[in-house]
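Q: Would you mind keeping the following structure in view while I ask a few things?
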Amino acid sequence: MRRIISVLLENEAGALSRVVGLFAQRSYNIESLTVAPTDDATLSRLTLTTRASDKQVEQITKQLNKLIEVVKLVDLTDGEHIERELMLIKLKATGAQRAEIKRTADIFRGQIVDVTNATYTIQLTGTTEKLDAFLRSMADATVMEVVRSGVSGLSRGEKILAL
Amino acid sequence: MLSGGDILIRSLQEEDVDYVFGYPGGAVLHIYDALFRQDKMKHVLVRHEQAATHMADGYARSTGRPGVVLVTSGPGATNAVTGIATAYMDSIPMVVISGQVQSHLIGTDSFQETDMVGISRPIVKHSFLVKKAEDIPMTIKKAFYIATTGRPGPVVVDIPKDITNPTDLVEYSYPAEVAIRSYSPASKGHSGQIKKAISMLLSAERPMIYAGGGVIQGNGSELLATLSRKLGFPVTNTLMGLGAFPATDPQFLGMLGMHGTYEANMAMHHCDLILAIGARFDDRVTNTVSKFCPHAKIIHIDIDPATISKNVEVDVPIVGPVVNVLSEMNELLDVSWVDRSSDQEKLLAEWWSQIEGWRKQDCLKVERDDGDTDIKPQEAVQAVYRVTNGTSYVTTDVGQHQMFAALYYPFDEPRKWINSGGLGTMGFGLPAAMGVQMAFPDEVVTCITGEGSIQMNIQELSTCSQYGLPVKIINLNNRSLGMVKQWQDMQYEGRHSHSYMDSLPDFVALVESYGHVGFKIDRLDELEDVLAEVYSEKLKDKLVFVDIQTDPEVHVYPMHVAPNGAMRDMWLKKGVRT
Chain D
487 MRRIISVLLE NEAGALSRVV GLFAQRSYNI ESLTVAPTDD ATLSRLTLTT RASDKQVEQI
547 TKQLNKLIEV VKLVDLTDGE HIERELMLIK LKATGAQRAE IKRTADIFRG QIVDVTNATY
607 TIQLTGTTEK LDAFLRSMAD ATVMEVVRSG VSGLSRGEKI LAL
Chain C
-4 MLSGGDILIR SLQEEDVDYV FGYPGGAVLH IYDALFRQDK MKHVLVRHEQ AATHMADGYA
56 RSTGRPGVVL VTSGPGATNA VTGIATAYMD SIPMVVISGQ VQSHLIGTDS FQETDMVGIS
116 RPIVKHSFLV KKAEDIPMTI KKAFYIATTG RPGPVVVDIP KDITNPTDLV EYSYPAEVAI
176 RSYSPASKGH SGQIKKAISM LLSAERPMIY AGGGVIQGNG SELLATLSRK LGFPVTNTLM
236 GLGAFPATDP QFLGMLGMHG TYEANMAMHH CDLILAIGAR FDDRVTNTVS KFCPHAKIIH
296 IDIDPATISK NVEVDVPIVG PVVNVLSEMN ELLDVSWVDR SSDQEKLLAE WWSQIEGWRK
356 QDCLKVERDD GDTDIKPQEA VQAVYRVTNG TSYVTTDVGQ HQMFAALYYP FDEPRKWINS
416 GGLGTMGFGL PAAMGVQMAF PDEVVTCITG EGSIQMNIQE LSTCSQYGLP VKIINLNNRS
476 LGMVKQWQDM QYEGRHSHSY MDSLPDFVAL VESYGHVGFK IDRLDELEDV LAEVYSEKLK
536 DKLVFVDIQT DPEVHVYPMH VAPNGAMRDM WLKKGVRT
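Chains as they are written, first to last, in the working numbering: chain D, 487 to 649; chain C, -4 to 573.
In structure tokens form, the structure reads like this:
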């Protein structure tokens, strides 16, 4: 099943490559990966999504914990959590389709962030599922380019992942 | 104020390093110059960097202290990779210092540049690329701390040449302590889990103690013996764990696994409780995982949480250092003895009588047809055991000779048996023996090898001349890559694809050219006498190479039936299986 693993990592050169390398060398899969420094500049927060059985995810989290630069981690899918992904999508928007695309974007609470005579660029945030649903709803349109940020997330309530 | 090169050397001295195994080159010239200007540490000049890592490895396995390697950038570093991987697979503490090209040249494909941190990443416990001279002391402190604590392993420290420049001087002070916020190895086992384990041990009917290399690495052998004797349970060791429990003790059933003894594998298959200590349920132990020990509950003690339930699901995991956990268990056992189930003694006696039945199989009996006068490799190992009174350090390479040594040279003490169990590195034996001999100059050190393996690092005979290392090399020469040939016999209808060694050198003449002593044995009746001479007082200070011509048709048995076999499914001799 799909898992979202969130990792606090020392913000040091080479730390990310150890995480990515671990997944490659133990043939675990990575569906998406986002990483950036946190409010504490010595730490990075990394969120990755993977598809794994309970047994596999146990190994993944243990092996990640063995990396010296991994400070802490949590499997967000273990509990209630919030996940968001950002998508920018550039579509051909001409003729009757121009209005139709805008209406659909509104329904999904997307924003048109760039416009030309023939194109729209729409920004959309939400769960991976929602972004997938929007892409499906654009099946009749001509999608020129899609870029997605990958998932970021944290636990609901008072549970935190911090030092 | 000191240069980076001097700071590095001072830092190594602070870590009480007595030997550095290495090879100079462009990127480490400043470091070698700093090494030249001191006399606290000895440097051992090898003939190939792979051998430097294996020497450091042999030193570490025999002493329990980290081995230290110094190599140059590019090919120096890549040559060290096999030895680093060997140490990683067997959890051996090692610090490898590799030179790197100057900082401003990194990434420009400059001369002798290679991304050592990148290349070594999957085979190190951790690695560092040092950015400035001031960082060297803390980096070295961390490297030794990480290499030697928790589950030990190799750490690479990559140092660009400009960082060690003799003209750039910086303040030096060596940190007294180190703390890494993201690294805190377990310091003791969970008491609740230990209690649970004790109550399971005291009600087991057919228990087994399965101890691996972690007991040796964690210095837990004596505590293991105390525990085992108190409980009266049968004990088996993994290939890496040989010596963790005295092999001549009646409670010892021998090694388990692919080439384990009949009694050890049968007892594992039929037991109802496994106490696994510092072992990792490796595929060479378990045979088919889904058929592994179908009746057994499993207690697993290990320092590395990732080892728990990795290959085999366990019932009671205990994460902690073997010394702490076993001490706590021994204490608790005294207190809890009253809770021992009333019929355990009787049931244990029945279990032992079943095991004695399996022992009667005499699975290690050496087969010999009438009129056959060939030297069997097993007999050669047995003769070495007799001549050395079972007290020699023994290193091996990889293949049939390794299994014969493991099965026919029983070890009563930890750290005396030194082999590449995880990676299975041919070429390990001789340099590892040299590392042991460096650490223990007055002890007998034997390298049991084969004519295939020995040629993978034979250049080190030269290093042995330079440093006067009196290693005894027992070459079980069957003119073939024995283990490959055995599999080809068993699984490829005897098609010996590239498994024989043509154009072998005259080993005696070869070793004599280095100033060593060589013997060739091709008759069974001279085996014992020649070996007595080899280990005699007269040749105590000489490297002696004994080229023993052995029967090329011999296979290693027992051997697990694979694929799809269980622990109890074994070949016992050619064409005969359980």
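Each residue gets a CB set at the ideal place from its N, CA and C atoms; glycine is no exception.
#1: Does DSSP classify C/E532 as helix, strand or coil?
#2: What three-state label does DSSP hand C/P117 in the structure shown?
#3: What is the DSSP secondary structure of C/C358, counted as helix, strand or coil?
#4: Got a sec, what are the start and stop residues for the beta strand (DSSP E) C/I469 sits in?
#5: Express the C-alpha separation of C/G422 and C/I154 in angstroms, rounding to a whole number.
#6: At a CB-CB cut-off below 9 Å, which residues of chain D make contact with C/H99?
#7: Report the rounded CA-to-CA distance for C/S198 versus C/I303, giving the unit in angstroms.
#8: Could you pull out every residue in the same chain whose Cβ sits closer than 7 Å to the Cβ of C/E9, ignoring the five residues on either side in sequence?
#9: Touch check for the segment 75 to 88 of chain C and the segment 24 to 33 of chain C: three-plus C-beta pairs under 8 Å?
#10: Let me know the secondary structure DSSP gives C/M50 once reduced to three states.
#11: Is there a Cβ of chain D sitting closer than 8 Å to that of C/K568, yes or no?
#12: Looking at the structure shown, is D/H567 part of a helix, part of a strand, or coil, going by DSSP?
#13: For C/G53, which option in C/T390, C/G513, C/T458, C/V549 has the closest C-alpha, if you only look at C-alpha atoms?
#14: What first and last residue would you give for the alpha helix (DSSP H) that runs through C/L402?
#15: Quick check on D/L529: does DSSP put it in helix, strand or coil?
#16: Using the beta-carbon count (16 or more within 10 Å), is C/V150 buried or exposed?
#17: Starting from C/F247 and walking both ways along the beta strand (DSSP E), at which residues does that stretch end?
#18: Does DSSP put C/D297 in a helix, in a strand, or in coil?
#19: In or out: C/R490 buried (at least 16 other Cβ within 10 Å) or exposed?
#20: Return helix, strand or coil for C/I516, following the three-state DSSP convention.
#21: Residues in the same chain with beta-carbon distance under 8 Å from C/Q373, minus the five sequence neighbours each way, listed in chain order, please.
#22: Comparing alpha-carbon positions, which option in C/T368, C/D542, C/E488 lies nearest C/G570?
#23: Pick from C/H265, C/G208, C/Q544, C/R275: whose alpha carbon is nearest that of C/P229?
#24: Please tell me whether C/H121 has its Cβ less than 8 Å away from any Cβ of chain D.
#25: I'd like to know whether the C-beta atoms of D/Q549 and D/R512 end up nearer to each other than 8 Å.
#26: In terms of alpha-carbon separation, which member of C/V317, C/A557, C/D367 lies closest to C/L218?
#27: Check whether the Cβ atoms of C/V307 and C/V284 lie closer than 8 Å to each other.
#28: Go through its chain and collect everything with a Cβ distance to C/M261's Cβ below 7 Å, but skip five positions before and after it.
#29: Provide the residue(s) that pair with D/R489 in DSSP beta bridges, ordered along the chain.
#30: First and last residue of the beta strand (DSSP E) that includes C/N232?
#31: Which partner residues of C/Y388 appear in the DSSP bridge assignment?
#32: For C/D28, list the residues DSSP reports as bridge partners.
#33: Cα separation between C/L270 and C/S322?
#34: Do C/Y205 and C/A274 come within 8 Å of each other at the CB atom, strictly closer than that value?
#35: Under 9 Å Cβ-Cβ, which residues of chain D neighbour C/P70?
#36: Count the C-beta pairs between the segment 427 to 438 of chain C and the segment 51 to 68 of chain C that are closer than 8 Å, then say yes if the count reaches three, no if not.
A: Working from what's here:
#1: If DSSP states are grouped into helix, strand and coil, C/E532 belongs with the helices.
#2: Correct three-state label for C/P117: helix.
#3: C/C358 carries a coil assignment under DSSP once its states are collapsed to helix, strand and coil.
#4: According to the DSSP assignment, C/I469 belongs to the beta strand (DSSP E) that extends over 467 to 472.
#5: C/I154 and C/G422 have their alpha carbons spaced roughly 28 Å apart.
#6: Listed along chain D is no residue with a C-beta nearer than 9 Å to that of C/H99; the closest approach is about 16 Å.
#7: Distance from the CA of C/S198 to the CA of C/I303, rounded to the nearest whole angstrom, comes to 23 Å.
#8: Cβ neighbours of C/E9 beyond the five flanking positions: Y169.
#9: In short, these stretches do not touch, since the Cβ pair count stays below three.
#10: Three-state DSSP puts C/M50 in a helix.
#11: No Cβ of chain D is located within less than 8 Å of the beta carbon of C/K568.
#12: DSSP places D/H567 within a strand segment (E or B) once states are collapsed to three.
#13: For the residues C/T390, C/G513, C/T458, C/V549, the minimum Cα distance to C/G53 belongs to C/T390.
#14: Unbroken alpha helix (DSSP H) run through C/L402: 395 to 403.
#15: It is a strand residue.
#16: By the neighbour-count definition (other C-beta atoms within 10 Å, threshold 16), C/V150 is a buried residue.
#17: C/F247 -> beta strand (DSSP E) spans 247 to 250.
#18: In this structure, C/D297 counts as strand in the three-state DSSP scheme.
#19: Counting other Cβ atoms within 10 Å of its Cβ, C/R490 stays below 16 and is therefore classed as exposed.
#20: Three-state DSSP puts C/I516 in a strand.
#21: Closer than 8 Å at the Cβ level, and outside the excluded window around C/Q373, lie L359, V361, F399, L402, Y403, V549.
#22: If you compare the alpha carbons of C/T368, C/D542, C/E488 with that of C/G570, the shortest gap goes to C/E488.
#23: Taking only the C-alpha atoms, the option nearest C/P229 is C/H265.
#24: With 8 Å as the cut-off, C/H121 counts as an interface residue toward chain D.
#25: Yes, the pair counts as a contact, with Cβ atoms nearer than the cut-off.
#26: Out of C/V317, C/A557, C/D367, C/V317 has the C-alpha closest to the C-alpha of C/L218.
#27: Against a cut-off of 8 Å, the Cβ pair of C/V284 and C/V307 comes out as a contact.
#28: The beta carbon of C/M261 lies closer than 7 Å to those of W353, R563 in the same chain, with the five residues before and after it left out.
#29: Beta-bridge partners of D/R489 (DSSP): D/T536.
#30: For C/N232, the uninterrupted beta strand (DSSP E) run begins and ends at 230 to 232, by DSSP.
#31: In the DSSP output, where bridge partners are listed per residue, C/Y388 has C/V440.
#32: DSSP output for C/D28 lists no bridge partner at all.
#33: Going from the Cα of C/L270 to the Cα of C/S322 covers about 15 Å.
#34: Yes, they are a contact pair.
#35: For C/P70, none of the residues of chain D pass the 9 Å Cβ criterion, the least Cβ distance being about 22 Å.
#36: Segment contact: the segment 427 to 438 of chain C against the segment 51 to 68 of chain C, three or more CB-CB distances shorter than 8 Å; contact assigned.
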